[in-house]
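Heads up: the sequence shown at position 410 corresponds to 1260 in our numbering, and the numbers run straight through without jumps.
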Amino acid sequence: MYIDRRRVLSGLGSAGALLASGSWLDVIGYAQVARGPARAALEPRRGIGDFDRRLFGSFLEHLGRAIYTGIYQPGSPLASHDGFRTDVAREIRELGVPIVRYPGGNFVSGYNWLDGVGPKAQRPTVLDRAWNTLETNQFGTNEFIDWCRSVDAEPLLGMNFGTATAEQAVAYVEYCNVERGTKWSDLRRTHGYARPHDVRYWCLGNEMDGPWQIGRLQAREYGRKARDAARQMRVIDGRLRLIACGSSGTNMPTYLVWDREVLEECYDQVDGISLHAYYGNTPALTAGNTARYLAMNLDMDRQIHEIAAVCDYVRALRRSSKRLWLSFDEWNVWYRARGGDATNGQRQAAPRLLEEVYNLEDALLVGGLINTLVRNSDRVGVACLAQLVNVIAPLVTNDTAVLRQSIYYPYAWALHHARGQALDVRVESETYPISAAGLQADFARNEQVPWIDVAATRDAPANQVCVFMLNRDLAAEREVVLEWGGDVRPSRVLACETLTGPDLNAVNTFEQPRRVAPQRLEPPAAGDRMVFKLPARSYTSVRLATS
Ligand code: AHR
């Protein structure tokens, strides 16, 4: 995203705007103002570009109750004839999740995809060593594809680069995508799937830099394996979109070096590189400070820019005309159910693992993370909220119902309202300080953080604009002035909703499912200049008709 500082300032036309000189924030369009309401300049004709709907994807791993009793529960009164939970499928269809990553995650690095295809009675029960869980293989690739079709989602398949060879990974592509007449495509046909699955997006392994990963590799080893496998896969199907494993977090000692070395080996053979990040309000990451916690989406902005810089560096080295996109294929809040019994399946089938309970403050941060993805959508081609059901998820099941956790709402707003192109938004806001003292190095910042975070999209054919606003101020309502430039003007407010509440720790339960839920917010009249009053600690979604 090209940003001209003089144009920012003159566009905002504000007296008293102070750019925190050299601040990271000016890179993403934020300026600091000494006092007064925040101002966001939106120029609907000046979009960052059409974004890929895959920006709002999600993830289902064979982990805990994500698959079994999450989306698949044969025998349940809520199950369809093929065992899929119909209430869960309805929620996901209504959400409109565009793409779902599967089957892992750490699970994939020990997974033999052949165990999960063919007659169910003959499929083995195996011990998954990533999560110490019994895997019955009653749900596998073909069931996943059927399920995806039933919820109108595209599959994003992960490959085992841990215990499996390149040959086994390549065979998986042949099994899924070749029509007929070869060993693996004919095997699929004997399994009752005459038509190929035509899976376009594939992850070449998962977090292969992590010491916890089954079959972890060194960067160059991994890069060479990815190059070799990718070359073969492209012979099988020329339309594949292949994603190399990037660093599994900014805290990795090899962060950025891993990405550079991997790409030096396989840049020409891949289309994207993965980024992962999980956030938490912990002593190490935020010192338990909620104001710092709500600034963590800016850490995601930074990670995106850093990995993009590495991609472009390798591109320049290789004199390549190809620009890689980023696949932020695991992101979410995850810090409570992250160790001990919450991550050890004790050799049970479908144990309760990673069942994070999300509160209001988590939902506000997830809103901020969505803002970050939107404003970086010129570079991020795919992103997956990790995960979708039961495991660090917006949706949770019991035997009789499905519950929307707090983080469901910002995610649903993005899916329902953000369409078309992301707008280039310039924001002036008062700021608050955050301090690096005592924090984990990758999150340690002495920085000024804007109270207000804004992202916007425009659906030109539908004449609609959508604006998402985060108020990080925990104590006070804040005014935000939306100033519209160009000849596209809001003519009507179609909807204005906010997520807020007195208790940042409030959570939804099956007994009280709407403790954290959107409320209507009184909007200003539509026009060139709209003054919103954002409640303290809130995330707001506004939909506007434009003329
Ligand atoms: O999403 C949970 C786990 O987090 C995934 O299995 C792994 O890729 C990551 O470390």
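The C-beta atom is built at its ideal place from N, Cα and C for all residues, glycine as well.
Nothing here was measured: the structure is a model prediction, and the numbers come from that model.
Nonlocal neighbours in the same chain, by C-beta distance under 6 Å from residue i, ignoring five residues either side
| i | result |
| --- | --- |
| ILE878 | ASP1151 |
| ALA1306 | LEU892, LEU1273, VAL1275, VAL1317 |
| LEU1113 | VAL1164 |
| ALA870 | Only weak support is given to the placement of ALA870: the predicted model assigns it a pLDDT of 46, under 50, and the value that follows is read from those uncertain coordinates. Closer than 6 Å at the Cβ level, and outside the excluded window around ALA870, lie GLN882, GLN1298. |
| GLN988 | LYS970 |
| GLU1252 | First, the residue type needs correcting, since residue 1252 is Val and not Glu in the sequence shown. Cβ neighbours of VAL1252 beyond the five flanking positions: ASP937, VAL938, GLU941, LEU1245. |
Cβ-based burial, residue i [other Cβ within 10 Å; buried from 16]
| i | result |
| --- | --- |
| HIS912 | buried |
| ASN1321 | buried |
| TRP1062 | exposed |
| ASP1249 | exposed |
| PHE1360 | exposed |
| GLY990 | buried |
| THR1100 | buried |
| GLN1198 | exposed |
| LEU1167 | exposed |
| ILE853 | At ILE853 the pLDDT is 34, less than 50, meaning the model places this residue with poor confidence and gives no usable figure here. |
| GLU1211 | buried |
| SER1035 | buried |
| ARG951 | buried |
| THR1015 | exposed |
| ARG889 | buried |
| ASN1221 | buried |
| ASN1355 | exposed |
| ARG855 | Its pLDDT being 36, under 50, ARG855 is placed unreliably in this model, and the coordinates cannot settle the point. |
| GLU1111 | buried |
| ALA1080 | buried |
Pairwise C-alpha distance: residue j and residue i
| i | j | result |
| --- | --- | --- |
| GLN1290 | LEU1054 | 29 Å |
| TYR961 | GLY1031 | 26 Å |
| TYR1185 | GLY1217 | 17 Å |
| CYS1161 | VAL1299 | 28 Å |
| TRP963 | ARG1039 | 16 Å |
| GLY1190 | GLU1205 | 13 Å |
| ALA1158 | GLU1057 | 18 Å |
| LEU945 | ALA1262 | 6 Å |
| LEU1265 | GLN1314 | 15 Å |
| LEU875 | SER1097 | 23 Å |
| GLU1180 | ARG1342 | 36 Å |
| CYS1346 | ARG1365 | 19 Å |
| ARG935 | GLU1156 | 40 Å |
| GLU1280 | ILE898 | 25 Å |
| HIS1041 | ASN992 | 9 Å |
| GLY1288 | ARG1142 | 13 Å |
| MET1146 | GLY933 | 39 Å |
| GLY1377 | ALA1312 | 18 Å |
| PRO974 | LEU1324 | 52 Å |
| ARG1308 | VAL1392 | 12 Å |
| ASP1353 | ARG1328 | 18 Å |
| PRO924 | GLY1130 | 35 Å |
| CYS1116 | SER1171 | 15 Å |
| SER1388 | ASP1002 | 31 Å |
| THR1132 | LEU1144 | 12 Å |
| ASP902 | ARG1225 | 12 Å |
| ASN1139 | LYS1075 | 43 Å |
Cβ shell of residue i (< 7 Å), same chain only, five flanking positions each side left out
| i | result |
| --- | --- |
| SER1285 | ASN1296 |
| ASP1087 | VAL1023, ASN1027 |
| TYR1208 | VAL1183, GLN1255, SER1256, ILE1257, VAL1357 |
| ARG857 | Confidence is the limiting factor: at ARG857 the pLDDT is only 41, short of 50, which leaves the residue's position unreliable, though a coordinate-based value still follows. Nothing listed; no residue qualifies. |
| CYS998 | VAL950, GLU1004, PRO1005 |
| ASP1048 | ASN1027 |
| PRO1176 | Going by the sequence as given, residue 1176 is Leu instead of Pro. Around LEU1176: GLY1122, ILE1123, LEU1125, ILE1154, ILE1157, ALA1158, ARG1229, VAL1230, GLY1231. |
| THR1013 | SER959, GLY960, ILE1064, GLY1065 |
Cut-off 8 Å between Cβ atoms - residues of its own chain near residue i, not counting five sequence neighbours on either side
| i | result |
| --- | --- |
| GLY1195 | GLY914, ASP978, TRP981, ASN982, THR983, LEU984, PRO1201, LEU1203 |
| ALA916 | LEU910, GLN1237, LEU1238, VAL1239, ASN1240, VAL1241, ALA1243 |
| ARG1089 | ARG1050 |
| MET1102 | ASP1059, GLY1060, TRP1108 |
| TYR918 | THR986, GLN988, PHE989, ALA1199, ALA1200 |
| GLY863 | Legend: pLDDT at GLY863 = 38, less than 50; position of this residue unreliable, value from coordinates given subsequently. Excluding positions up to five away in sequence, the list is empty. |
| GLU1029 | SER1035, ARG1045, PRO1046 |
Residue(s) in a DSSP beta bridge with residue i
| i | result |
| --- | --- |
| TRP874 | According to DSSP, TRP874 bridges with nothing at all. |
| THR1247 | VAL1252 |
| HIS1041 | Paired residue(s): none; HIS1041 is not in a bridge. |
| ASP1406 | Outside the modelled stretch of the chain, which goes from 851 to 1397, sits residue 1406, for which no answer is possible. |
| PRO1300 | THR1281 |
| LYS1383 | GLU1329 |
| PRO1005 | VAL950 |
| GLN1271 | ASP900, ARG1308 |
| ARG889 | GLU1278, VAL1331 |
| TYR918 | TYR922 |
Residue i: CB within 7 Å of a non-hydrogen atom of the ligand FAD
| i | result |
| --- | --- |
| ASN1194 | The model depicted lacks the ligand FAD and carries the ligand AHR instead. |
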